[in-house]
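Residue numbers for the sequence shown follow the working numbering, beginning at -7 and rising by one. See below for the structure under consideration.
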Amino acid sequence: MCAQDRSGKPQEDNLYELSEAERAARGIEFLPQNLLDAVEAFAADPLVEAVLGKELRQEFIDYKTKEWNEYHLSVSQWEIDKYSHMF
-7 MCAQDRSGKP QEDNLYELSE AERAARGIEF LPQNLLDAVE AFAADPLVEA
43 VLGKELRQEF IDYKTKEWNE YHLSVSQWEI DKYSHMF
């Protein structure tokens, strides 16, 4: 489990054992769980445009969104192994 603590202090506790309320009280947020979530977080960060500029920021967002769409439409080997015998 990856989590981000806004205080910058290391987390010594097992984050899987904390409730959602405990994590929120400590300011611990989960990192994006997939590429789409990561692209959305990237797009929402004002630092990105300040560093990359508007055009490069948008090009990267477009490229990674297309990558997510292509991935999301594919059938993984795990899905084939898990579900193909059911039909």
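Think of the CB as a built atom: it goes at the ideal place given N, C-alpha and C, for glycine as much as any other residue. For clarity, every value in this text was computed on a predicted model and none was experimentally measured.
Local Cβ density within 10 Å of GLU12, reported as buried at 16 or more and exposed below that:
Along the sequence shown, one-based indexing puts residue 12 at 20. Classification for GLU12: exposed.
Are TRP60 and VAL31 touching if we call contact CB-CB under 8 angstroms?
Counting from one through the sequence shown, the residue named residue 60 turns up at place 68. Counting from one through the sequence shown, the residue named residue 31 turns up at place 39. Result yes, Cβ atoms of TRP60 and VAL31 sit closer than 8 angstroms.
If you reduce the DSSP assignment to three classes, tell me which class PHE79 lands in.
For the purposes of this step, residue 79 is identified with residue 87 of the sequence shown, where counting begins at 1. Taken through DSSP and simplified to helix, strand or coil, PHE79 comes out as coil.
Tell me the rounded alpha-carbon separation between ARG49 and SER68.
The residue you call residue 49 lines up with position 57 of the sequence shown. The residue you call residue 68 lines up with position 76 of the sequence shown. Roughly 30 angstroms between the two C-alpha positions.
How is the beta strand (DSSP E) around GLU21 delimited, first residue to last?
In the sequence shown, the residue the question calls residue 21 occupies position 29. Start and end: 20 to 22.
Cβ pair ILE53, ALA35 closer than 8 angstroms
Working through the sequence shown from its first residue, we reach residue 53 at position 61. Working through the sequence shown from its first residue, we reach residue 35 at position 43. Contact flag set, yes.
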